[in-house]
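Report on the structure given below.
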Amino acid sequence: MSVIRPENPAHLPVEKLTLGCPVLDRLLAGGVPCGSVTELAGEASTGKTQLCLQLLLSAAAPRSSGGLSAASLFISSEPPFPVRRLRILSFSLAGGEDDDLLDHILVGSALSADELLSLLRRADALLSLSQPPSGRPIRLLVLDSVAAIFRTDADDVPRRAALLFRVAAKLKEQARRFNLAVVVTNQVVDVVDGARDTRVGNYLNLWTSGRKVWPALGLAWANCVNMRLFLSRIAEEVPEVARSENFSGAGSWRRRMQVVFAPHLPEASCEFAIRREGVFGVATQA
Amino acid sequence: MEVSVLPISSNRKEKLISAGYTTLASLTTVSPSQLARDLKIPLQEALDILKFTLKSCGAEGLEGKHAALKGSQTAWEMLSDEQILRHISTGSEDFDSILGGGIHCKEVTEVGGVPGIGKTQLGIQLAVNVQIPVAYGGLGGKAIYIDTEGSFMPERAFQIAEACIEDTLANCVFHRKDFEDCQERMHPNSFLANIIYFRICSYTEQIAVINFLDKFLEEQKNVKIVIIDSITFHFRQDFEDMALRTRVLGGMSLKLMKLAKKFCLAVVLLNQVTTKCTEGTFQLTLALGDTWSHACTNRIILYWNGNDRHAYLDKSPALPSASAPFLVTCKGIRTALSHYKRIKMM
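In the order they appear, the protein sequences are chains H and A. Mapping the first sequence onto our numbering, position 39 (from 1) lands on 39, and the numbers just tick up by one. Positions in the second sequence are counted from 1; adding 1000 to them yields our numbering.
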């Protein structure tokens, strides 16, 4: 256990991990902050896992390009881990056939809260190693997703809340002790009309694909993250003619990243696109 | 020091001297009503003179309150003490006015609200505002920030400090001889350095730090506010024995109240909200249960009203319940501008 000492805030470490795109970095004032827990919430296929993969590669990138020159730990609760996509991204983002990059990404899996807690406890040893397995310290921890773990055992609400807080406390402790950037993804649930709205953060309602949603796990979990980003998508308006010719239905989506709350960021949002080469913000003409 | 240093009319100074009050020290032990009788002046003027006395003493580093520390006080003395005490501004005039001028020293104030409403913003703002120099109407004190959640961002504190310095200098119309001196001292980095930051990662650490504060505050002079952001987080994990949790929390609040009185500082506890099921409907309520709600002297709830942030004074021994809108801007907490009557009495 570390000794608690008074500190001068001016001397606290304030590293940020680049998202691998200058437009998205600008939205987040430099990237994902080390030492705190960042949540990416959004419905299925809004780009949560894509962003996580991109962050894994960013973390391995050298400091000169906004990376941490570090290894990372990816905890998956929604297998399988998309390793082929990661490889494609590593070509486009790292710009080379550099398979070494993948050596710095450790993947673990946890399918229940108990498994997750024991994995995190075991990770302490790994995180504090002076000679880590890949030769670099671990500086990024990704949990994809927290919802999948807790949505399955939802029968005992008070126990679930206590477990959520325990997981959050462990993640925050590791974020602080090892100066990790911790990124957690979360799913969304539909808001039933007529239910009492509890506004959390900058937006009265969060919309995605025309549905009103809430990040999963309720108010209890909202208290557990330092910063919440919401990813959403809406179907692109396709002209009538185009629609009849191109009936595939796989039309394009307009995607948006919104800062729901963050201690250091104002209300802001940014459109983004997912391409083969990665996730990129779309700069708006001011 | 002689009474001649006081910024009062020569007529009053003469009266003071002829009544035997020649030094500032002689004024530190007299009550306002006593002084009013002796000088045959209105009570308010006597109060003013005592205020100036305390300020001048404070500037000299004299405590001037040894009489009060030795024994008990009369209610009169407590009242005049309280009137002399300065409050810590929240940054918003409306918010300050529902609190009777700002956050009070010697008291424990609890602030609750949903995530993203601005609790941490208020915490950082108070840690900055407490440092506004006495010459500019502030307390010129230091802050202790106990971060249990990891939401304190130095870059945000820097931003708020920068805006606070800018606004403080802009609002100061008089040119003082120490103006340049002050300006030099008022640098965002020196504001940050005067926030004593503790990051704690478990409830045992939280209890340890609070126990350690008494000793720490003896050494660290001039801390005027202790902020705990949040009091709740580590107490929502594994307390199987809820009675034990209640006792631990109760002991903690008692210690904090004692510290507030002993060191004449404000204690601000940030709290989370939770949903509570009463009679079949879900309602928002502050966390930590019913017993805890007695633990704080004042309780402020921050809430959304449509697109506006509001602060509601829910509990106070002296002030009526009232609410006021406020803004969280890039500069920090500020007054909300609007056309309608801004403060609503409940």
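Glycine included, every Cβ here is placed at the ideal spot set by N, Cα and C.
At the level of alpha carbons, what is the spacing between leucine 1027 of chain A and leucine 1035 of chain A?
Taking the CA atoms as reference points, leucine 1027 of chain A sits about 8 Å from leucine 1035 of chain A.
Between A:Thr1274, A:Lys1013 and A:Val1328, which has its C-alpha nearest histidine 1310 of chain A's C-alpha?
If we check each option's Cα against that of histidine 1310 of chain A, A:Val1328 comes out closest.
Reducing DSSP to helix, strand and coil, say where cysteine 1164 of chain A ends up.
Correct three-state label for cysteine 1164 of chain A: helix.
Residues near glutamate 1060 of chain A in its chain [Cβ-Cβ closer than 7 Å; skip 5 each side]:
Unreliable placement is indicated for glutamate 1060 of chain A, whose pLDDT of 49 sits below 50; the coordinate value is still reported in the next sentence. Excluding sequence neighbours, glutamate 1060 of chain A sits near Met1001.
Let me confirm a value: asparagine 246 of chain H is counted as buried when at least 16 other C-beta atoms fall within 10 Å, else exposed. Which label applies?
Note that asparagine 246 of chain H scores 49 on pLDDT, short of 50, meaning its location in the model is unreliable; the coordinates nonetheless yield the value given after this. So asparagine 246 of chain H ends up on the exposed side.
Where leucine 140 of chain H and valine 183 of chain H are concerned, what is the direct C-alpha to C-alpha distance, given to the nearest angstrom?
If you take the alpha carbons of leucine 140 of chain H and valine 183 of chain H, they lie about 8 Å apart.
Report the rounded CA-to-CA distance for serine 90 of chain H versus cysteine 224 of chain H, giving the unit in angstroms.
Counting only the Cα atoms, cysteine 224 of chain H lies some 32 Å from serine 90 of chain H.
Any idea what DSSP makes of asparagine 246 of chain H, helix, strand or coil?
Interpretation of asparagine 246 of chain H is limited by its pLDDT of 49, a score under 50 that renders its predicted location unreliable; the figure taken from the coordinates is listed afterwards. Collapsing the DSSP output to three states places asparagine 246 of chain H in coil.
Beta-carbon proximity list for glutamine 50 of chain H, same chain, < 7 Å, skipping 5 on both sides
Ile274 and Val279, listed in sequence order.
Does DSSP classify tyrosine 1136 of chain A as helix, strand or coil?
DSSP, reduced to helix, strand and coil, places tyrosine 1136 of chain A within a helical segment of the structure shown.
Starting from serine 1202 of chain A, trace the beta strand (DSSP E) both ways and give me its first and last residue.
First-last for serine 1202 of chain A: undefined, no H or E at that position.
Report the option in H:Ala283, H:Leu129, H:Phe165 and H:Ala123 whose CA atom is closest to the CA atom of leucine 217 of chain H.
Checking every option, the nearest Cα to that of leucine 217 of chain H belongs to H:Phe165.
Using DSSP's beta-bridge definition, name the partner residues of proline 33 of chain H.
For proline 33 of chain H, which the question treats as bridged, DSSP gives the partners H:Lys16.
Within 10 angstroms of the Cβ of tryptophan 1076 of chain A, are there 16 or more other Cβ atoms? Answer buried if so, exposed if not.
With fewer than 16 other Cβ atoms within 10 Å, it is exposed.
Could you work out which residues of chain A lie near valine 14 of chain H, taking near to mean beta carbons separated by less than 9 Å?
Here the neighbours are Met1153, Pro1154 and Glu1155.
If you check the beta carbons only, do threonine 1168 of chain A and histidine 1234 of chain A fall under 7 Å apart?
No, they are not a contact pair.
Tryptophan 1292 of chain A CB to nearest chain H CB: under 7 Å?
No, because no Cβ of chain H sits closer than 7 Å to the Cβ of tryptophan 1292 of chain A.
Checking the sheet assignment: what are the DSSP bridge partners for leucine 233 of chain H?
In the sequence as displayed, the identity of residue 233 of chain H is arginine instead of leucine. Paired residue(s): H:Arg255.
Based on Cα-Cα distance, which residue from H:Val260, H:Arg255, H:Leu265 and H:Glu277 lies nearest to glutamate 271 of chain H?
Checking every option, the nearest Cα to that of glutamate 271 of chain H belongs to H:Arg255.
Confirm, please, whether the CB-CB distance from valine 32 of chain H to alanine 283 of chain H is below 7 Å.
No. Outside cutoff.
Between phenylalanine 247 of chain H and chain A, is any beta-carbon pair separated by less than 7 Å?
Any reading at phenylalanine 247 of chain H needs caution, since the residue's pLDDT is 49, under 50, leaving its predicted position unreliable; the model's value is listed next. Judged by the 7 Å Cβ criterion, phenylalanine 247 of chain H is not in contact with chain A.
Measuring only the C-alpha atoms, how far is arginine 151 of chain H from glutamine 187 of chain H?
In a straight line, the C-alpha of arginine 151 of chain H is about 9 Å away from that of glutamine 187 of chain H.
Indicate whether proline 9 of chain H and leucine 1249 of chain A have their beta-carbon atoms separated by less than 7 Å.
The Cβ atoms of proline 9 of chain H and leucine 1249 of chain A do not sit closer than 7 Å to each other.
Measuring only between beta-carbons, confirm whether glycine 1064 of chain A sits less than 7 Å from chain H.
For glycine 1064 of chain A, the predicted structure reports a pLDDT of 44, less than 50, and the residue's modelled location is therefore unreliable. The matter cannot be settled from this model.
Using DSSP with H/G/I as helix, E/B as strand and the rest coil, what is proline 133 of chain H?
Correct three-state label for proline 133 of chain H: coil.
Limits of the beta strand (DSSP E) - the one that aspartate 190 of chain H falls within
Aspartate 190 of chain H: member of the beta strand (DSSP E) spanning 188-190, first to last residue.
Positions along the stretch 1208-1234 of chain A whose CB lies within less than 9 Å of some CB in chain H
Those residues of the stretch 1208-1234 of chain A that come within reach of chain H (Cβ to Cβ, closer than 9 Å) are Ala1208, Val1209, Phe1212, Phe1216, Gln1220, Ser1230, Thr1232, Phe1233 and His1234.
Cβ of leucine 116 of chain H less than 7 Å from any chain A Cβ?
The beta carbon of leucine 116 of chain H sits no closer than 7 Å to any beta carbon of chain A.
Could you tell me whether any Cβ in chain D is nearer than 7 Å to the Cβ of isoleucine 138 of chain H?
The structure shown contains no chain D; the protein chains it does contain are H and A.
Any beta carbon of chain A sitting closer than 7 Å to that of isoleucine 149 of chain H?
Output row for isoleucine 149 of chain H: interface = no.
Could you tell me whether the Cβ of glycine 66 of chain H comes closer than 7 Å to any Cβ of chain A?
False, the Cβ-Cβ gap to chain A never drops below 7 Å.
If you scan the stretch 116-184 of chain H from start to end, which runs of the alpha helix (DSSP H) of 4 or more residues do you find wholly inside it?
The stretch 116-184 of chain H contains these whole alpha helix (DSSP H) runs: 146-152 and 157-177.
How about lysine 212 of chain H: is its C-beta nearer than 7 Å to some C-beta of chain A?
Cβ-Cβ to chain A under 7 Å: no for lysine 212 of chain H.
Leaving out the 5 sequence neighbours to the left and right, which residues in its chain are closer than 6 Å to arginine 1299 of chain A when beta-carbon positions are compared?
Closer than 6 Å at the Cβ level, and outside the excluded window around arginine 1299 of chain A, lie Glu1110, Asp1314 and Lys1315.
Which one or two residues does DSSP pair with arginine 199 of chain H in a beta bridge?
Answer is none; arginine 199 of chain H lacks a bridge partner.
Cα separation between leucine 1217 of chain A and valine 1226 of chain A?
Each residue's alpha carbon lies about 10 Å from the other.
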